[in-house]
Structure formats: C-alpha cells, structure tokens
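Have a look at the structure below, then the notes.
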Amino acid sequence: MSLRGRAAIVGVAESDLGEVGPGLTPLDLIGQATLRALDDAGLEKSDVDGLFSASAYYHMPTLSAGEYLGIRPRYTDATSIGGSSFVSHLFHAAAAIDAGLCEVALITYGSTQRSGGGRLVSGSETLPYEAPYNPRYPVSMYALAASRHMHEYGTTREQLAEVAVAAREWAKLNPKAFMRDDLTVEDVLNSRMVSAPLTVRDCCLVTDGGCAAIVTSAERARDLKKTPIYLLGAGEAHWHRHISQMPDLTTSAAAESGPRAFGMAGLGPADVDVAMLYDAFTINTVMFLEDLGFCRKGEGGAFVSGGRIAPGGELAVNTSGGGLSYNHPGMYGLLLIVEAVRQLRGECGMRQVEDANVALVHGNGGVLSSQVTAVLGTERAL
Amino acid sequence: MNRKNEPAPAETYHRYLEEGKLGFQLCRGCGAAVFYPRVLCPACGSGTLEWRSSSGRGTVYATTAVHRRDAEPYNVALVDLDEGFRMMSRVEGVSAKEVGIGARVALRVRREGDEPVAVFVPDAELEDGAG
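Here's what the structure looks like:
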C-alpha cells in the first residue's frame, strides 16, 4: 500500500525561539506553536483527533501535551527515536489518516533547554560497555564517525567546516535564525575543540524552541486556508542505538530510509528542489548527502565544498540555517518539516528557492541511529 | 528456555575482567563474534552463545580526543578485536590526539575505583601491521 499523496501538511508554526527566558515551560512553547499552526491551517483545536509528540522532558509526551492543550485524541503516537521522531510521526500520521483512524493530526514538540541551563536535555541512558570511557554524549559519537569518514575517504576538517559556513549563509537570510553573524571556514577550524575533529562550530546550537505541524487527508486539505503540501513518500530505518554497535561508521541507515521514501514517491535525488538534512553536526550533512544518493559514498566532502549547498549553490540544503545556525531545541526534526513546507508554499522571502515543488526531509536520531526520510511536494508534484 | 542456572551475560563479562581477560561470545549457530554480551545472537537469532577469551589484540577503527577546559584531552576509541568484534575503549600510553586509525593495540585491564576496565595500549610488536 502506498501513502503517496494521501495526506497533506496544512499548518506549520514555531513558538518563540532562541532564548525564551525563565518561567516558560516546554508545554507553554507547545501551546504557542499549536495555536499558531492551527491558525496557519484555518482549523480549530476541536478538529484535532490525532496527537503525536516526543520529548526529553515528559515521559509520556502525548499525555502531557494532550492534557495541557485540552485535546482528547482518538489516535495517539509517542514514537521516541530521537530527533527524527517527528518525521516518523508525519509518516505514521499519514498511515493513520489513510486507515481512517484519525482525520486531523497534530505533531508537536517543545524544549527550553537554553533557558534551562544551556545544556542538551537528554533522557539517554548510557550503555554499560561504553560508560567507563566517558564519551561526551552525543558529540563524541559523531566525532568518531567523522574520524572514520576522514580516514576512509580523505574528507577534511575544511570540508566539514564548509557545511557550517553554508548553514550560516542561509541563516543570514532568515530573520528567525539564532546566529546570523559572519562565519568563515577558518573561524570554524579555530573554534574551541570539543571532541576532535569537531569544534563547537561543527556542533548544533542549544536553543529553546517549540513547533507544530497539522496533517490531514488530501481531500480535507484542499478546502483549507493554505495550499496543501503533500506527503509523497516516507521511509524509516534503524540499525543500532549505540555508536559501538554501528556496523559501518561511514554509512547510516539513511541508505535504506532514503530509497524507501523515494520509492514510494516515485522520485529520486535529481527531482529534489530543496533538501532539509538533520545537521546536528557537520558530518551529518556530508553523510546524508551520500546515503540519500545525492552523491556517491565518500564524495560528500567535495559535494559541500565551494559553497555548493549555500545560497546560490547547486543544491539548496537547510535553507533555514539548520540546526547549526537557525535553531536546535534538543530535537530538531519537526523544524525540518516546518521549513520544507514553507519553501514549497513559497513563503521564505529572501531565502526562497525558486520553483520549489519537491522537498526532501531527512531526520536523524540518537547517534546516527534512527533515520527517517520524507519526500514532500506541491500539487504540481503529485 | 530456563536459564536459572546461567549467570547473566553482564556478570560473566565482569568475571572475565576480574581475571584480567576480555570475554566475548561466539555464536554456535553462525560463528559470529558477539559483543556486547547477550542471550541471543543478533546476527542469526541463535540462543546458543559460548564465552571465549579474546587475544586482546586489535586495531583502532575510529578515534576522538575529548577536550576539557582545565585538563589534557582524553581518548575515546572504537577498537576492532582480531576475533571479529568491536568495542568502545580508550588507548593509553600516547597522547589522545596521537591515536591513529589503523594502529595495532593490545589489551590492558586497569582497575578504576572498584571496577576493572578494559583499555588498550599501542602494540609495539605489531605496529604498522594494518592500514
């Protein structure tokens, strides 16, 4: 059974972003984002009958969000596979809607990790077989992957830095981006080393942020306020939880989730107008471009060099500024969807990609662990 | 399956370390080397795993130096043991930044507090043996 074109995203929004200040809770940000997303869709809260969320704050996140928002869903899904959870929620929501189990799904997330101390809030347990060596979670795990990629393919720190610089160039075009000052390759290389070869500028931001997306059937979507953005394909895959169990540190399960999503959509990398790749660390973007088929394995470093994923480059990647420069509230997956929808609607102002009809959204979770890919499109791409 | 009389995998691993050895499991179903210790083989699903003592010889697969504000960086590495399994550990005896992928390393069991911990040192005899 294919879900191609059966469901559409009809509302997206962020809460206040960046540093919201003391007092506001993650649920308050979920509330802000939900109000704005419902308004964006032209729907009422009472229309929502499916609820999807994941959280590092709330052990039973859809219960907490449902209670706070006053939503009593008939379909609830708190799939928790890290930052990619929300791309998975989009996939699962489309399946539930197509099966008639709910009609209007709300996917939402909130975090106050910056106001709450400026450190990643994570519910991650440590594996007893890794804990004695004290890797810094999660950066050391991504650093290990980067070290192996550099060893096998000659990828350089300069090439990784290009990813951060491209993200910053996009962020300069996004008024909502958290970091918009100049950034050069040399700046990235000379920043504080965190876990070699990754400096602090190879790492995503630690910010507050909430977000929400409303998904409904393609049929109902056509009567709503904004132009529907259809889910054309989706796929998920995971092969490991802990980095010491990852079979090949240079290839993620995106090599499976990508073909699954493209297969359902009947499209390929060459059809993608804009790509949102979960950039928790600079190595992610390089690996996902390879694993998703935008270039061959080992060529990701060259692919991102010379501004090729920056504004005006070959492929528009992470046009919001990404987790590296726009916002990264602990789990970033839903913000990938928000930006993809805005690009396909043509709402992105200075950073708008011309004639964007197909967007790729790729979520990553854990330590290169869960990989979820979605292909979104306008009516023209149906 | 009644495993009442079998020790938990983590306990057996710990007992090996207490004896200065690195224990791992060999699957009788498919021959896979299994680590971390489990009650079934993640490759073929067999429930029959036998404990073995590793030679303690391996090759660095990936490495990072974790930096701190007021102290020298320390190493975290993934090591591929010659028996065909991988584990997280650290390489001692060289600067954290000097640990090279492909370097041959040998097991040392250190005691940290009350716990035995498997670490590695450069294996001088076999250095440059793998790329």
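First to last, the protein sequences are chains H and D.
Counted the way this note's numbering counts, the first sequence spans residues 12 to 393.
Counted the way this note's numbering counts, the second sequence spans residues 3 to 133.
Cβ atoms here follow ideal geometry from the backbone N, Cα and C, with glycine treated the same way.
Residue from the options with nearest C-alpha to residue i
| i | options | result |
| --- | --- | --- |
| H251(H) | Y15(D), Y18(D) and A45(D) | A45(D) |
| V98(H) | E325(H), S64(H), P149(H) and Y69(H) | S64(H) |
| T66(D) | R15(H), H162(H) and V21(H) | H162(H) |
| I103(D) | N77(D), E85(D) and R110(D) | N77(D) |
| P37(H) | Y69(H), V285(H), L101(H) and F189(H) | Y69(H) |
| G42(H) | L62(H), A76(H) and E55(H) | A76(H) |
| S96(H) | T227(H), A281(H), E141(H) and P72(H) | P72(H) |
| H373(H) | S263(H), T238(H) and P143(H) | S263(H) |
| C32(D) | K99(D), S48(D) and M90(D) | S48(D) |
| D27(H) | A44(H), G34(H), A18(H) and A19(H) | A44(H) |
| R307(H) | R159(H), Y164(H), A18(H) and A67(H) | Y164(H) |
| G220(H) | Q170(H), S66(H) and Y144(H) | S66(H) |
| G111(H) | G61(H), D302(H), G34(H) and A178(H) | G61(H) |
| M342(H) | L171(H), L131(H), V59(H) and P146(H) | L131(H) |
| E180(H) | R319(H), E358(H), V383(H) and L371(H) | R319(H) |
| A98(D) | Y148(H), Y79(H), S206(H) and D366(H) | S206(H) |
| L35(H) | G324(H), S151(H) and G121(H) | G121(H) |
| I294(H) | R147(H), A157(H) and G128(H) | A157(H) |
| P39(D) | V68(D), R110(D) and F87(D) | F87(D) |
| H69(D) | R147(H), Q124(H) and S380(H) | R147(H) |
| S126(H) | A177(H), A321(H), V115(H) and V217(H) | V217(H) |
Paired residues, beta bridge with residue i - DSSP
| i | result |
| --- | --- |
| T384(H) | G246(H) and H373(H) |
| R54(D) | F26(D) |
| G220(H) | S122(H) |
| N77(D) | A67(D) |
| F63(H) | D88(H) and I118(H) |
| E114(D) | E117(D) |
| R231(H) | Answer by DSSP bridge pairing: none, since R231(H) is not bridged. |
| V62(D) | V81(D) |
| T210(H) | M204(H) |
Close Cβ partners of residue i (< 7 Å) along its chain, the five nearest in sequence each way excluded
| i | result |
| --- | --- |
| K23(D) | S55 |
| F466(H) | In the structure as shown, chain H starts at 12 and stops at 393, and residue 466(H) therefore has no counterpart that could be examined. |
| R83(H) | G77 |
| G134(H) | A67 |
| T330(H) | W181, V285, E350, Q354, C359, R362 and V364 |
| A10(D) | none |
| V101(D) | V62, T65, N77, A79 and V93 |
Neighbourhood of residue i by C-beta, 6 Å cutoff - its chain only, sequence neighbours within 5 removed
| i | result |
| --- | --- |
| G115(D) | none |
| L235(H) | V21, A52 and G53 |
| C215(H) | A291, G334, L335 and H339 |
| E267(H) | A248 |
| S57(D) | D84 |
| S202(H) | T210, V211 and R212 |
| I108(H) | A18 and S228 |
Residue i - containing alpha helix (DSSP H), residue span
| i | result |
| --- | --- |
| S91(D) | Note, S91(D): premise wrong, no alpha helix (DSSP H); beta strand (DSSP E) at R88 to S91. |
| R179(H) | R168 to A182 |
| M152(H) | V150 to Y164 |
| S75(H) | P72 to L80 |
| E267(H) | A265 to A276 |
| T195(H) | No alpha helix (DSSP H) holds T195(H); DSSP gives it neither H nor E. |
| E13(D) | P11 to E20 |
| L49(H) | P37 to A52 |
| G333(H) | G333 to S336 |
| V315(H) | G311 to V315 |
| L101(H) | S96 to D109 |
Same chain, Cβ closer than 8 Å to residue i, neighbours up to 5 away in sequence not counted
| i | result |
| --- | --- |
| V23(H) | A48, D51, C222, A223, A224, I225, I348, V349, V352 and R353 |
| M275(H) | S13, L14, R15, L243, G244, A245, G246 and V386 |
| H103(H) | F63, D88 and T90 |
| P270(H) | G246 and G304 |
| E30(H) | R125, S126, T218 and D219 |
Classification of residue i by the beta-carbon crowding that lies within 10 angstroms, buried from 16 upward
| i | result |
| --- | --- |
| V62(D) | buried |
| D72(D) | exposed |
| S13(H) | exposed |
| T137(H) | exposed |
| P186(H) | exposed |
| D259(H) | exposed |
| D193(H) | exposed |
| A12(D) | exposed |
| T261(H) | buried |
| E141(H) | buried |
| N145(H) | exposed |
| R233(H) | exposed |
| L80(H) | buried |
| Q382(H) | buried |
| D302(H) | buried |
Extent of the continuous beta strand (DSSP E) to which residue i belongs
| i | result |
| --- | --- |
| M298(H) | Not the beta strand (DSSP E): M298(H) falls in the alpha helix (DSSP H), residues T293 to D302. |
| S206(H) | M204 to S206 |
| E350(H) | Counting along the chain, E350(H) falls outside any beta strand (DSSP E), though it belongs to the alpha helix (DSSP H) covering G344 to R356. |
| I20(H) | A18 to E25 |
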